[in-house]
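Below: the structure, in C-alpha cells.
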Amino acid sequence: MKFQGKQKAEPGIPLSSLPDIVFLLLIFFMVSSVFKEFQGLPVTLPNARKIEKLQGKRDVAYLWISKDGEVSIDDRICRVSDVSRIMYQKRLDPMHPLKLVSMKIDQGTPMGIVTDVQEELREADALNINYSAKPAY
Amino acid sequence: MLIEKKKSRNNSDIPMASLADIAFLLLIFFLVTTTIDVDRGIGLSLPAKGEETEVRTKNITNLLINAQGEILLDNEVIAINEIARRIEQKLQENPNLIVSVKTDRETKYDVFIKTLDELKMANATRISIAEPTG
C-alpha cells in the first residue's frame, strides 16, 4: 500500500507584495513630512496646561523673541519697528496668506517688548496669535 | 566561440530585485527626517487697531502683575494658582465679566503666560490685555 505523504504546507510569508507596501509607506511619509524650515533664536518656552494644537502648519509665521529682546521673524533678525511692515507683506502673499502668528517667546522676556511686538502685529492686522508653550503636567 | 555566445544573450530587463531595497532605504530616510512635533500654545485674537469699546466698570476685573510677578486682583494680592478659582467665582456672579490683565514692562513673560493659562482654565473668554506701565 502506498501511503500518501503529508502535503507540505508552505511556511513562508508571501513576500511578493512587500515592495508595494513599502512604496505605499514611502509615499505616505514623503507627502506628510514637513521639513524643519526654521532654526529660530534660542528660547526656553514657558509651560502651560490649557494649550491647544496649532491648526495647519503651512500658513503660519514664526516670531521669536529672545530673553535679550532680539526679534526674529522666520529666521530673520529684525527690529521691533519692522515687524508690522514684514507681517503686512506676509499677509499680502498671494500663495500663502498669513493666517496665524506663532509667538515663540522666552520665558524670561520682559513684557514691554512683547507688548510692543503685539502692537506692531495689530498695526499689520495680523490678529490671530498663538503663544507657544510646552505642556506642563 | 565564447564572444559570440555572450552577444546572443538578449537581456533588456532592468533588474528589479533591488527595488525593494531602494524603497526601504528611502522609507527609512523619510522616517528618520520627519519631525512630528506639533506646535502647541495658547491661542488669542488681538483686537483690531482702533477698535475700542466702552465697557461698564462693573463688568471689568483688573488683574495687575508687577515686575516681581506679584498679582493683584481687585486690590488683593493673590497667588498665581488661585486665579482660576477666583475668576471662576466671579464669572458665575457676572458672566459678562471682562478680565483686564495689566502688566509692568519688566514683568516676566512666564508669569504672564501662567496667568493667561489660569484664565483659560477658568473658561474666561473675555480677556483684555492692557498696555503695560512703567
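Quick note, the sequences are listed as chains A and B, same order.
Each residue of the first sequence is one higher than the one before, starting from 1 at the first, in our numbering.
Each residue of the second sequence is one higher than the one before, starting from 1001 at the first, in our numbering.
We put the CB at the ideal spot given by N, CA and C, even for glycine.
* Asked: Any idea if A:Gln89 is buried or exposed, counting beta-carbon neighbours within 10 angstroms, 16 or more meaning buried?
  -> In the first sequence, residue 89 of chain A corresponds to position 89, counting from 1. Result: exposed.
* Thinking C-beta only, is A:Val83 closer than 8 Å to A:Glu52? -> Taking the first sequence and counting its residues from 1, the one referred to as residue 52 of chain A is at position 52. Taking the first sequence and counting its residues from 1, the one referred to as residue 83 of chain A is at position 83. No, they are not a contact pair.
* Asked: What's the gap between the Cα of B:Ala1023 and the Cα of A:Ile27?
  -> In the second sequence, the residue the question calls residue 1023 of chain B occupies position 23. In the first sequence, the residue the question calls residue 27 of chain A occupies position 27. Looking at the two C-alpha atoms, the distance is approximately 10 Å.
* For a contact meaning CB atoms closer than 8 Å, what does B:Ala1020 contact in chain A? -> One-based indexing of the second sequence puts residue 1020 of chain B at position 20. The answer, in chain order, is Leu18, Pro19 and Val22.
* B:Ile1071 versus chain A: which residues are under 7 Å apart at the beta carbon? -> One-based indexing of the second sequence puts residue 1071 of chain B at position 71. Result: empty, since nearest Cβ-Cβ is about 13 Å, beyond 7 Å.
* Asked: Applying a beta-carbon distance threshold of less than 8 Å, which residues of chain B neighbour A:Val114?
  -> Residue mapping note: residue 114 of chain A aligns to position 114 of the first sequence, counting from 1. Within chain B, the residues near A:Val114 are Tyr1109 and Phe1112.
* **alpha helix (DSSP H) segment containing A:Val22, residue limits** => Residue mapping note: residue 22 of chain A aligns to position 22 of the first sequence, counting from 1. Run containing A:Val22: Leu18 to Ser32, per the alpha helix (DSSP H) assignment.
* Is the segment 56-75 of chain A touching the segment 93-105 of chain A in the sense that three or more CB pairs, one from each, lie closer than 8 Å? -> yes
* Asked: Taking Cβ positions, are B:Asn1062 and B:Asp1074 nearer each other than 8 Å?
  -> Taking the first residue of the second sequence as 1, we reach residue 1062 of chain B at position 62. Taking the first residue of the second sequence as 1, we reach residue 1074 of chain B at position 74. Yes, they are a contact pair.
* Does A:Lys50 get closer than 8 Å to chain B when you measure Cβ to Cβ? -> Indexing the first sequence from 1 puts residue 50 of chain A at position 50. Taking Cβ atoms only, chain B reaches closer than 8 Å to A:Lys50, which makes this a yes.
* For B:Ile1087, return the contacting residues in chain A, with the cut-off set at a CB-CB distance below 9 Å. => As a first step, residue 1087 of chain B is located in the second sequence; it is residue number 87 there, counting from the start. Those do not exist, as B:Ile1087 stays about 13 Å from chain A at its closest Cβ, beyond 9 Å.
* Sequence-distant residues of the same chain with beta carbon closer than 7 Å to B:Ala1084, five excluded per side -> As a working note, residue 1084 of chain B is residue 84 in the second sequence. Cβ within range, chain order: Glu1118, Met1121 and Ala1122.
* Put A:Gly112 into one of helix, strand or coil per three-state DSSP. => Here residue 112 of chain A corresponds to residue number 112 of the first sequence, with the count starting at 1. Helix.
* To do: Could you name the residues of chain B that A:Tyr131 contacts, counting a contact when the two beta carbons are closer than 9 Å?
  => Position 131 of the first sequence holds residue 131 of chain A. The contacting residues are Gly1041, Ile1042, Gly1043, Leu1044, Tyr1109, Phe1112, Ile1113 and Leu1116.
* **Start and end residues, beta strand (DSSP E) containing B:Arg1040** => Translated into positions along the second sequence, residue 1040 of chain B becomes position 40. Unbroken beta strand (DSSP E) run through B:Arg1040: Arg1040 to Ser1045.
* Do B:Ile1065 and the ligand GTP come close, with the Cβ less than 7 Å from some heavy atom? -> Judged by which ligands are present, the structure shown has none, so any question about the ligand GTP falls away.
* Within 10 angstroms of the Cβ of B:Ala1114, are there 16 or more other Cβ atoms? Answer buried if so, exposed if not. => For the purposes of this step, residue 1114 of chain B is identified with residue 114 of the second sequence, where counting begins at 1. Looking at the sequence provided, one finds Lys at residue 1114 of chain B rather than Ala. Classification of B:Lys1114: buried, given that the 10 Å Cβ count is 16 or more.
* Start-to-end residues for the beta strand (DSSP E) that takes in A:Arg76 -> By one-based count along the first sequence, residue 76 of chain A stands at place 76. First-last of the beta strand (DSSP E) with A:Arg76: Arg76 to Cys78.
* Would you say A:Ser66 reaches chain B, if we count a Cβ-Cβ gap shorter than 8 Å as a contact? -> Locating residue 66 of chain A in the first sequence gives position 66, where the first residue counts as 1. No, its Cβ sits nowhere closer than 8 Å to a Cβ of chain B.
* Asked: At which residues does the beta strand (DSSP E) containing A:Val71 begin and terminate?
  -> Within the first sequence, residue 71 of chain A is the residue found at index 71, counting from 1. Here the beta strand (DSSP E) through A:Val71 covers Val71 to Ile73.
* **Beta carbon proximity, B:Lys1090 to chain A, threshold 8 Å** => Within the second sequence, residue 1090 of chain B is the residue found at index 90, counting from 1. Taking Cβ atoms only, chain A never reaches closer than 8 Å to B:Lys1090, which makes this a no.
* Hey, A:Asn47 and B:Gly1041: beta-carbon distance below 8 Å or not? -> Here residue 47 of chain A is taken as the residue at index 47 of the first sequence, counted from 1. Here residue 1041 of chain B is taken as the residue at index 41 of the second sequence, counted from 1. Cβ atoms of A:Asn47 and B:Gly1041: not closer than 8 Å.
* Could you give the DSSP three-state label for B:Val1111: helix, strand or coil? => Taking the first residue of the second sequence as 1, we reach residue 1111 of chain B at position 111. Of the three classes helix, strand and coil, the one that applies to B:Val1111 here is helix, per DSSP.
* Using a Cβ-Cβ cut-off of 6 Å (strictly less than) and excluding sequence neighbours within five positions of B:Ala1067, which residues of its own chain qualify? -> Position 67 of the second sequence, counted from the start, is the residue given in the question as residue 1067 of chain B. Closer than 6 Å at Cβ, skipping near neighbours: Asp1104, Glu1106 and Thr1107.
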